[in-house]
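Have a look at the structure below, then the notes.
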Amino acid sequence: MEIEHRTETFARLYLTDSRDPGEQYRVELVANWRLPVRMEIGPVLHPDDVMAGKMDALYNRAAARDFLDIDAAIAGGHYTLERLCQLAEAVDAGFDRAMFAGMLGYVERFDSADFAEYGVGAREATALLGRVAALRGNLRTAIPGQ
Numbered sequence: 003m004e005i006e007h008r009t010e011t012f013a014r015l016y017l018t019d020s021r022d023p024g025e026q027y028r029v030e031l032v033a034n035w036r037l038p039v040r041m042e043i044g045p046v047l048h049p050d051d052v053m054a055g056k057m058d059a060l061y062n063r064a065a066a067r068d069f070l071d072i073d074a075a076i077a078g079g080h081y082t083l084e085r086l087c088q089l090a091e092a093v094d095a096g097f098d099r100a101m102f103a104g105m106l107g108y109v110e111r112f113d114s115a116d117f118a119e120y121g122v123g124a125r126e127a128t129a130l131l132g133r134v135a136a137l138r139g140n141l142r143t144a145i146p147g148q
C-alpha cells in the first residue's frame, strides 16, 4: 500500500496485490460532513456532499460534464451559485472564488460537439455557454477588487 495524498478528510491510496505486483488499484476515501439520505435503493450521499464534489470537479478539472452538472443544479433551482461556493469552501480550504471565476471562463474551450455526447443539443449548449458566462460575471462582480 502506498499513500499518495492524505488530508484530514481525504486519502488516496494505491494498493498492489502481491500475486500481481504490476497491477495497482487506486482507492480514494472521503469523509463526508452530512449523514446519508435514505432512499428506496438504500442510503445515498447527501445532496450537499454531492454538489461539493461537483464543485471540486469543476474547480480542478473543468470538463464539459462538470459545467453541465453545476448548470443543472442552478438552473433547476436546487442551488444558487453562492450556496455552491459555500459548500466548496467548507470542504476545500484552498477554494478561491476569483480562481473559480477564472475556471468558469474555461467553458469557452468547448463547442456544441463537446456537449453532444451528454445528450445536449447545439441550442442547449449555446444557452449553457451564456448561463455560465453570466454566472462568471456575477461572481466576479461580487468579489472585491475584481
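Going by the numbering used here, the first residue of the sequence shown is number 3, and it counts up by one from there. Even for Gly, the Cβ is constructed at its ideal location relative to N, Cα and C. Note that the structure is a prediction, hence the values are computed from the model and not measured.
In the structure shown, Thr143 falls within a helical segment according to DSSP collapsed to helix, strand and coil. Taking 7 Å as the cut-off, the Cβ atoms of Glu4 and Arg14 do not count as close. It is roughly 17 Å from the alpha-carbon of Leu137 to the alpha-carbon of Phe97. Per DSSP, reduced to three states, the secondary structure at Glu84 is helical. Here Pro23 carries a strand assignment [DSSP, helix/strand/coil]. By the Cβ neighbour-count rule, Val46 is exposed, with fewer than 16 other Cβ atoms within 10 Å of its own.
Between Ala100 and the set Leu141, Ala90, Gly55 and Glu6, the nearest pair of CA atoms involves Leu141. Contact annotation: Leu106 and Met53 have beta-carbon atoms that are not nearer than 7 Å. In the DSSP assignment, Glu126 forms no beta bridge with any residue.
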